[in-house]
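2 protein chains.
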Amino acid sequence: MAEALVTPWEVKGTIDYDRLIKEFGLKAFLAQTDPFDKNVLFRRGSVFAHRDFERIIAAVREKKPFVMMTGLMPSGKFHFGHKMVADQIIFYQSLGAKVYLAVADIEAYNTRIADQAALRKTAIEEYLMNYIALGLKPKNCDFYFQSSRSKDGEKASAYYRLASMASRHLTANEVEAIYGDITPGKLSSALIQVSDILHPQLPEFEGPCPVIVPVGADQDPHLRLARDIAARMPQHKFITPSSTYNRFMVGLKGGKMSSSDPLSYIALTDTPEEAKKKIMKYAFSGGRETIEEHRKLGGVPEIDVSYQWLFTQFEEDDKKIKKIYDDYKSGKLLSGELKMILVEKVTTFLEQHQKKREKAKDKVEEFLKA
Amino acid sequence: MAEALVTPWEVKGTIDYDRLIKEFGLKAFLAQTDPFDKNVLFRRGSVFAHRDFERIIAAVREKKPFVMMTGLMPSGKFHFGHKMVADQIIFYQSLGAKVYLAVADIEAYNTRIADQAALRKTAIEEYLMNYIALGLKPKNCDFYFQSSRSKDGEKASAYYRLASMASRHLTANEVEAIYGDITPGKLSSALIQVSDILHPQLPEFEGPCPVIVPVGADQDPHLRLARDIAARMPQHKFITPSSTYNRFMVGLKGGKMSSSDPLSYIALTDTPEEAKKKIMKYAFSGGRETIEEHRKLGGVPEIDVSYQWLFTQFEEDDKKIKKIYDDYKSGKLLSGELKMILVEKVTTFLEQHQKKREKAKDKVEEFLKA
Chain X
0 MAEALVTPWE
10 VKGTIDYDRL
20 IKEFGLKAFL
30 AQTDPFDKNV
40 LFRRGSVFAH
50 RDFERIIAAV
60 REKKPFVMMT
70 GLMPSGKFHF
80 GHKMVADQII
90 FYQSLGAKVY
100 LAVADIEAYN
110 TRIADQAALR
120 KTAIEEYLMN
130 YIALGLKPKN
140 CDFYFQSSRS
150 KDGEKASAYY
160 RLASMASRHL
170 TANEVEAIYG
180 DITPGKLSSA
190 LIQVSDILHP
200 QLPEFEGPCP
210 VIVPVGADQD
220 PHLRLARDIA
230 ARMPQHKFIT
240 PSSTYNRFMV
250 GLKGGKMSSS
260 DPLSYIALTD
270 TPEEAKKKIM
280 KYAFSGGRET
290 IEEHRKLGGV
300 PEIDVSYQWL
310 FTQFEEDDKK
320 IKKIYDDYKS
330 GKLLSGELKM
340 ILVEKVTTFL
350 EQHQKKREKA
360 KDKVEEFLKA
Chain L
0 MAEALVTPWE
10 VKGTIDYDRL
20 IKEFGLKAFL
30 AQTDPFDKNV
40 LFRRGSVFAH
50 RDFERIIAAV
60 REKKPFVMMT
70 GLMPSGKFHF
80 GHKMVADQII
90 FYQSLGAKVY
100 LAVADIEAYN
110 TRIADQAALR
120 KTAIEEYLMN
130 YIALGLKPKN
140 CDFYFQSSRS
150 KDGEKASAYY
160 RLASMASRHL
170 TANEVEAIYG
180 DITPGKLSSA
190 LIQVSDILHP
200 QLPEFEGPCP
210 VIVPVGADQD
220 PHLRLARDIA
230 ARMPQHKFIT
240 PSSTYNRFMV
250 GLKGGKMSSS
260 DPLSYIALTD
270 TPEEAKKKIM
280 KYAFSGGRET
290 IEEHRKLGGV
300 PEIDVSYQWL
310 FTQFEEDDKK
320 IKKIYDDYKS
330 GKLLSGELKM
340 ILVEKVTTFL
350 EQHQKKREKA
360 KDKVEEFLKA
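Residue numbers (numbering that gives the first Met the number 0), protein chains in the order written: chain X, 0 to 369; chain L, 0 to 369.
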């Protein structure tokens, strides 16, 4: 097994989440906090760590304005790993958050993909349309591209000048300490991301308020940078942004779910038949070699991908997931039967979702107005 | 005499312009080119070198659209050194150029002055009002602050994303080769300046066209960077920007004219009496110790600051300046008499200018509309 390596630019090998919490100085997530315990992602530890989340809990309870901000890097198909993030976004919107969604197209251009037209198409057709189908509302949602922040020049300038001026408050050594080897392109991207995180608090936007940024653990360097800069620009009276950290969804074959390997994920545009085939054929099983052995020894849900997928997002009923766990562990439930439970959940979801996705097309324009 | 050092960040000592031409690979300026020979700054070599100026001569002759772009760093009083640049800007406007004037307030914040409000006041009251009094017209003039490019969000985004995306096309080594030690703040400033130079050619502004950037020799690194990046972003079809290089105006006491030393310059807001006193008391003289000696040996106009000021901007008549030179050289004209010629020119100018400056106040708003 390769050694775990978590940077903002790539994620390799197997991740030791406890080590991440320790190294980054995060706090382990207290899942059983109302109203967050209502959401399966929080309740079952997919959101595994945080910084200053207390501030968000307080805002929700006191019904005070707050912002949920996150970014997306459009690459490839929108799959169930992306859905975990989308579900959080929509959950925050339901809790009263103003949602800021940044398409990281400047970061993409500077560090990966130069084709801006293709990237825009992917952002809208793969990401935005799925967000809408999953329940994102245009009201209280500011969906934007880093490369074209707003049709209002005052807002656009405020966003970009924050990125440029933040650079005054950084030394080259600090940037290297956070990012390692730094190129001009990476530095520019990092500064734009700092503005993504902090600009909701500018007077041209919401003014100072709590901001929650849910991210993958690999994105923490951007948060640390934004928090440092917030403290160094007292003229803006920024409230230090809060953040939560998601576990990466396990790939179908075990290991990493990767956009570059279609057999590691199920896309929300896969047909139910494709999804069924992928699960039955490729889902890594914690079952035994033979039925006899399985009945005798029981399965190993901890390494079974179908079980993990059911646990993290497809079976939200705590009693039912416990029964699945117990039955699989005891050998009562066979691997094929476990897979069929997942197939049933996934195909039912896909059928309904794809109808909603068709209707979502008409709503795209409403999101692109600002 | 200190060794000459010319960087974009500071100018020290005495400058060897021939060395600059050689080191930077510039072309010595061919002054006697219609219509540029009509302007004393071009005719007398204050504009001493260029890159690709042929393209601008062609545009002027063929009456094709072109842009004159330059930046200003508002610090201290607007003096006759600044007026040399203003006179060029206004001359280009009279030749049909669309004028782009960038207040380098992001650069100022990142490298020098943090007080944005004071900087804005200086930019408007010291710079813009003097430009207007000197003849700058609001038509065909885009005067802007780097920190708030436009009230039109499409234009603002186009300007800033060019700065961010230009970074993809640079390596850290190249930036160091051009600027030496590079901090995040300096890199951000350099990228914004690249956009200042190139963005007039974006579709949201004028589209591809010749652009002339008149600068001090110390600003050439920004031009080299912009030219390199123009070539590396073929998607924009940028025409390589042209540039000309100004000599620094000699300070009243000889040596450098410096905003931090009020006795080294005359400000356009100095009273005629102050100006007279400064010239009579401080202007470095090329005259001899005694009148007798002066009559016998003659003065040295080459080192006489009053003569140099008359030559570079206050006596535009070629016959008259030649007579002054000859009379001073022969000893016929005494230092005090030479100073009085300059005093007469300067005080007459200041009296008229300060009346125009009062009227300019009403026109400021027209320039800040975009």
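Note that the Cβ used here is the ideal one computed from N, Cα and C, for glycine as well. Just so it is clear, the structure is predicted and the values come from calculations on it, not from any experiment.
Inter-residue Cα distance where the pair is residue i and residue j
i	j	result
Q145/L	D219/X	30 Å
F247/X	A171/L	32 Å
F310/L	Y158/L	40 Å
T268/X	P183/L	42 Å
A165/X	L71/X	22 Å
E315/X	K295/X	29 Å
S241/X	I211/X	5 Å
K322/X	F313/X	14 Å
K344/X	G206/L	54 Å
H81/X	L222/X	20 Å
Q353/L	I265/L	13 Å
L161/L	P64/X	34 Å
T243/L	R356/L	28 Å
A58/L	I88/X	54 Å
I181/X	E175/X	6 Å
Y130/X	K154/X	25 Å
K328/X	I55/X	38 Å
V299/L	R287/L	8 Å
D141/X	E61/L	48 Å
E292/L	K275/L	26 Å
G253/L	M83/L	17 Å
Chain L residues whose Cβ lies nearer than 8 Å to that of residue i
i	result
E273/X	Per Cβ cutoff of 8 Å: no residues; E273/X is ~36 Å from chain L at best.
A171/X	I181, T182, P183
Y130/X	Ordered by position in chain L, no residue passes the 8 Å Cβ test against Y130/X, which lies about 22 Å from the chain.
Assigned exposure category for residue i - 16 Cβ within 10 Å defines buried
i	result
R18/X	exposed
D325/X	exposed
Q373/X	As displayed, chain X neither begins before 0 nor continues past 369, which places residue 373/X out of reach and without an answer.
F116/L	For the record, residue 116/L in the displayed sequence is Ala; it is not Phe. When all chains shown are included, A116/L counts as exposed.
E2/L	Legend: pLDDT at E2/L = 36, less than 50; position of this residue unreliable, value from coordinates given subsequently. By the 10 Å Cβ count, E2/L comes out exposed.
D317/L	exposed
E272/X	exposed
T270/L	exposed
A359/X	buried
D104/X	buried
P209/L	buried
I320/X	buried
Q307/X	buried
T347/X	exposed
Q231/X	Note on residue identity: the sequence assigns Arg, not Gln, to residue 231/X. So R231/X ends up on the exposed side.
E125/X	buried
D361/X	exposed
P213/L	buried
G179/L	exposed
Cβ separation of residue i and residue j, assumed to be a contact under 8 Å, to the nearest whole Å
i	j	result
I238/L	Q200/L	7 Å
L186/X	L186/L	6 Å
L133/X	D86/X	7 Å
N38/X	V98/X	The pair is not a contact, with the Cβ atoms about 16 Å apart (cut-off 8 Å).
N373/X	V46/X	Past the boundaries of the shown model lies residue 373/X; chain X is included only from 0 to 369, so the question cannot be answered.
Contact list for residue i against chain X, beta-carbon separation under 9 Å
i	result
L222/L	Within chain X, no residue comes near L222/L; the closest Cβ sits about 18 Å away, beyond 9 Å.
V174/L	P183
Contact test: residue i Cβ vs the ligand HEM heavy atom, cutoff 8 Å
i	result
K276/X	Within the structure as shown, the ligand HEM is missing, as the structure has no ligands at all.
Interface partners of residue i on chain L, CB under 9 Å
i	result
S187/X	A162, S163, M164, A165, S166, R167, L186, S187, L190
Contact list for residue i against chain X, beta-carbon separation under 7 Å
i	result
D151/L	G152
Y108/L	M164, R167
Contacts of residue i in chain L (Cβ-Cβ under 7 Å)
i	result
I393/X	No answer is possible for residue 393/X: it lies beyond the span of chain X, which begins at 0 and ends at 369.
S146/X	S156, R160
Counting Cβ pairs closer than 8 Å, one from the segment 60-77 of chain L and one from the segment 247-260 of chain L, do we hit at least three?
The segment 60-77 of chain L makes contact with the segment 247-260 of chain L, as at least three CB pairs between them are under 8 Å.
For the pair the segment 189-203 of chain L and the segment 57-68 of chain L, tell me if three or more CB-CB distances fall below 8 Å.
Judged by Cβ distances under 8 Å, the segment 189-203 of chain L makes contact with the segment 57-68 of chain L, as three or more pairs qualify.
State whether the segment 106-120 of chain L contacts the segment 326-342 of chain L, with contact taken as three or more CB pairs (one from each stretch) at a distance under 8 Å.
Contact between the segment 106-120 of chain L and the segment 326-342 of chain L is absent, because fewer than three Cβ pairs lie under 8 Å.
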